[in-house]
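These notes are about the structure you will find just below.
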Amino acid sequence: MAEQVKLNIDGVDVQVEKGQSILDAAKKVNIRIPTLCHHEDLCVAGNCRVCVVEQEGKNTLTPSCATPAEEGMVIKTSTPKVRRARKDLMALLVSEHNTQCTTCYRSTNCELQDLAAEYNVDNNIYLSVLKENLEIDKSSWSIEKDDSKCIRCQRCVRTCAELQHVNALAVTERGRDMRISTFMHLPMNEIVCTNCGQCITHCPTGALTERRYYDEIWEAIDDPEKHVVINTAPSVRVALGEMLGFPVGTRVTGKMVTALKKMGFDSVLDTDFSADLTIIEEANELLVRLKDALVHKKDVALPMITSCSPGWVKFIEHMYPEHLAHLSSCKSPQQMFGALTKTYYAEKKGIDPSKIVSVAGMPCAAKKYEANRPEMRDSGYHDVDAGLTTREIGHMIKQSGINFLELEDSEFDSIMGESTGAGVIFGATGGVMEAALRTAYFVITGRPVPFDNLNITPVRGLKGIKETSIKFENCLPEYSFLEGVEAKFAIAHGLINARQIMDQIVAGESPYHFIEIMACPGGCIGGGGQPIPTNDEIRKKRIQAIYDEDMNKPIRMSHENPEIIKIYEDFLEKPLGEKSHHLLHTKYRKRKRY
Amino acid sequence: MSNIKLRKVDVIFSPYSVAPYEILKNAMKRSKDEVVQELIDSGLRGRGGAGFPTGLKWKFAKQQESDQKYVICNADEGEPGTFKDRKLLVEVPRKVISGMAICAWAVGASKGYIYLRREYRYLVSHIEEELELYHKFAKEAGLDFKIEIFMGAGAYICGEETALIESMEGRRGEPRNKPPFPIKNGYLGKPTVVNNVETFASATMVCRMGADEYKKLGTDDQRGSKLFSISGDSPKKGVHELELGMSLEDFANEFGDGDTKAVQVGGVAGFCIPKKQFKTTIIGEGNTTGGSTMIFNSTRSMYNVLHNYLDFFAEESCGQCTPCRVGTQQLLKGIEAVKSKKKPPEYLDQLVKLAETMRLTSKCGLGQSVTNSFSSIVKNFREEMIY
């Protein structure tokens, strides 16, 4: 057992591990201390100061988040001195804020608003020191930055540095001019930003939000000429409920489908379908690369790395532009879905593709950017017209006046609404790998992957980098070149971990054949478009819901999805075929860091 | 409270009286504990402003187990009205460097830095000349302690020791959370002694004179002599070395122009003492001892003085913590609003309370000390704030 220290908080003795903060110790005995700059995912900053407490023997107040508990400490968390100081601090923060709560996207889900209310900072006694002429940076497809709502807690800066190692956001200037900005104060669309949106989910206020498109979607829904199709990603259904009154980790798939139909979407489809399709294409791509390497002795880029996560794709384009060949050429499920909506779906349904508005409901901020990449027009149209976050969908459901809690379940529409458990688990870190291995192993050996219930547990969980290996034995004749080969796999989530994987590749020391990388910690369930807050406790519950959804599916391998079998029969012909190549695969571009 | 008559002395600025690095050489003949104890016995306190006992700091640093320790000389002399460290580095750099080396030898540090204020970059070649001599000596004496100059970039906040360390590590100069203190976890995470230029020079003199002799200077509370940077309405502006423990009345009589109405003691982070309190105020007791003393005569508007201070703080705060970043702006805007009658005179009382919140909750000495000058000026010169 680690060394313990004993202290007294508000008259209660508490024992914690040495190194834990006074804040941690207080939590342990159910004493709540307000915080703003503190976030479980991030290092301690101690800059907002609202967590101050009285420490016996000190003539200033002590920041409880930044002060380690020490033996014999006597702490008081709610004294007149503490309350006065906290109220003053809240008043100061409010005085440099635009205070336009009524028009704020984060209203009712804002930590500043909550504490300002709690400390009753009404009729603010201080003068406004809000900077004049602040413009909202709307240059990015994904992220809006409004400095007039920023409280300079630096959570976004720490997120971008510690979780993502991108450092797109930084503190600039000092004193009264201190602010959060970008390299050379460039607009958000001209910097290394990957659009992952983790800064948004870690922002306590409305200073960083996703660029919102729901007004345009409503307009399309209301237009009788338009056929509006939405597909929703697997991780939306395990998080959406959080915004609409359900406990964290509740699966609301059926209710979500019903709500979207009631809202007027002409067709509600499942991104899991194109996740399954991704697996077929990507598994085949991997097998081709392996065969080229092992049989034809060609110089192919291995390990192959997944390309489902647009934040990750932009990261590698900026940070490792010489190594883009490692990326799978497969589009992400969102973009495959979009390309097929305006071709296959339109053809089958007999709808003019120019009348179709294709919407993607995603846990992601970067998907908005991805939808607007200039090359994503392979259907002849804008493949995906708009990407909505889970949060925007939640808002739209609220705007519709739907009583979500009491809603009946319904099924996704067809076609492109059928999915498997393999498609579902794309939402959690390790899920793409697991789905790919379920199919690849079957294709290679004709047998199911040798794990209990197909559950490849080594690839699951929140460890930053996970690895596993599988030995192929008794392969089908077509894949005899893999006989006895022990293939090695790795999974990374959070771009700081992606960087480790890439540095290994750059050094020529990567032992892997196939790697899954997701930009966001926890994978899509922890995406930048998910309900706020997100922390490890919440990530775990959403992940559990994903695996429960998987276990409940009658079909749990992508290649057994009847709609997938059918699309190859009717339309695509074969994996990596000409149509696939045209509609489902893409190219990447080298980008600079500035 | 006990005070002594104002007396000019010549300890720190006394000319070199022994062979180069003789004092260091002699110190190295004794035991390390003995030298540290000498410092403790001398009662020497840090001359940068905070006044932490120097010997104790060295003792704690010596107790740390580490493969690497650092000694840093804080020459980021940025407190408005302070210019004594510059003079020290110009006239007796050897005393400063000797002090660093004695410290390094005693605590077991092998690397030292002089963190030099950007505006003093013209001193680099002068200091390097002395460093060359020192390094030659160190080599002969077998002392493994090298010193380099590190240039600051001009931020006031980098005079705060943890902000100074952050800036040396290549980051924004922002104060760290304390604990841990630099003595345990300083430059590059290693135990680090950070002392002011004058502190090192004084330490050298303690070793030269012995604690008993040094202690004869000053009072029980404040030992030794101290450099004062005197500016403002004074016919004797400049750096003066005085025995500690004199009353402000003696000081004003000696250095004022006969019409002194207030003295700012300890720079803008210090206190503004009005004439009526001169008799009962001992410089350095209950006020800071950085050595900046600004003398104001009756022609000066204390509103302008305070406005000037607050404008300085609002600009030089690092901006990371709420009370300091926003508080300094509020105080500045607040006195402007009272002066222009947009806020009633009672608003000043609200601002005094805010200054107290800043003292209680700011992360570092900057925000914590704004209340010193603010409250002392607003309380003592209230009419000047309003009319």
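Chains as they are written, first to last, in our numbering: chain A, -8 to 585; chain B, 13 to 399.
Each residue gets a CB set at the ideal place from its N, CA and C atoms; glycine is no exception.
Predicted, not measured: the structure shown is a model, and the values here were computed from it.
| Item | Value |
| --- | --- |
| Which residues DSSP lists as bridging Phe240 (chain B), in chain order | B:His252 |
| Own chain partners of Glu425 (chain A) with C-beta closer than 7 Å, once the 5 adjacent residues on each side are dropped | Ile416, Ile447 and Val450 |
| Contacts of Leu366 (chain B) in chain A (Cβ-Cβ under 7 Å) | Asp79 |
| Buried or exposed (CB count within 10 angstroms, at least 16 for buried), Gln390 (chain A) | exposed |
| Residue-chain proximity (Leu322 (chain B), chain A), Cβ-Cβ < 7 Å | no |
| Residues bridged to Ala536 (chain A) (per DSSP) | Ala536 (chain A) is not bridged to any residue. |
| Within 7 Å, strictly: CB atoms of Asp233 (chain B) and Glu160 (chain B) | no |
| Rounded C-alpha distance that separates Glu96 (chain A) from Tyr204 (chain A) | Rather than Glu, the amino acid found at residue 96 (chain A) in this sequence is Tyr. One C-alpha to the other measures close to 13 Å. |
| Beta bridge counterpart(s) of Asn309 (chain B) as assigned by DSSP | B:Thr272 |
| Local Cβ density within 10 Å of Gln75 (chain B), reported as buried at 16 or more and exposed below that | exposed |
| Min CB distance Gln49 (chain B) to chain A below 7 Å | no |
| Cβ neighbour criterion (16 or more within 10 Å) applied to His573 (chain A) | exposed |
| Listed by chain order, chain E residues near Glu181 (chain A) by CB distance under 9 Å | Any reference to chain E falls outside this structure, whose protein chains are A and B. |
| Per-residue burial, Ile127 (chain A) [other beta carbons within 10 Å of its own, 16 or more giving buried] | exposed |
| CB contact below 7 Å: Val219 (chain A) versus chain B | no |
| Every unbroken beta strand (DSSP E) within the stretch 192 to 218 of chain B, with a cutoff of 3 residues, ordered by chain | 204 to 208 |
| Buried versus exposed, by CB contacts within 10 Å (16 or more), Cys56 (chain A) | buried |
| Euclidean distance between Cα positions of Ala481 (chain A) and Thr173 (chain A) | 32 Å |
| is_contact[Tyr117 (chain A), chain B] using C-beta, thresh 7 Å | yes |
| Three-pair Cβ contact test at 8 Å for the stretch 404 to 415 of chain A versus the stretch 552 to 563 of chain A | yes |
| CB contact check: Gly232 (chain A) to chain B, cutoff 7 Å | no |
| Anticipated Cβ contact below 8 Å, Ala118 (chain B) with Trp70 (chain B), distance rounded | 6 Å |
| Contacts of Glu142 (chain B) in chain A (Cβ-Cβ under 7 Å) | Going along chain A, no residue has its Cβ under 7 Å from Glu142 (chain B), so there is no contact; the nearest lies around 33 Å. |
| Cβ contact (3+ pairs, closer than 8 Å) linking the stretch 172 to 179 of chain B and the stretch 81 to 89 of chain B | yes |
| 7 Å CB neighbourhood of Met179 (chain A) in its chain, flanking five on each side removed | Asp128, Ser130, Ser131, Ile134, Lys136 and Thr173 |
| Straight-line gap, His30 (chain A) to His193 (chain A) (C-alpha atoms, nearest Å) | 8 Å |
| Proximity test, Cβ basis, 7 Å: Gly331 (chain B) and chain A | yes |
| At least three beta-carbon pairs within less than 8 Å, the stretch 373 to 380 of chain A to the stretch 347 to 363 of chain A | yes |
| Terminal residues of the alpha helix (DSSP H) in which Cys115 (chain B) lies | Pro105 to Val119 |
| C-beta neighbour in chain B for Cys147 (chain A), strict 7 Å | no |
| Buried versus exposed call for Val30 (chain B) [16 or more other C-beta atoms within 10 Å across all chains shown] | exposed |
| Reduced DSSP category for Ser345 (chain A) - H, G, I as helix; E, B as strand; rest coil | helix |
| Continuous alpha helix (DSSP H) stretch holding Pro286 (chain B): start and end | Where Pro286 (chain B) is concerned, there is no enclosing alpha helix (DSSP H), although the beta strand (DSSP E) it sits in stretches over Phe283 to Pro286. |
| 4-residue-minimum alpha helix (DSSP H) runs that sit fully inside the stretch 373 to 408 of chain A, ordered along the chain | 381 to 390 |
| Within the stretch 306 to 332 of chain A, ranges of the alpha helix (DSSP H) (whole runs, at least 4 residues) | 324 to 331 |
| Rounded Cβ spacing between Ser214 (chain B) and Leu36 (chain B) (contact assumed at less than 8 Å) | In fact, because the Cβ distance is near 15 Å, the residues do not count as touching under 8 Å. |
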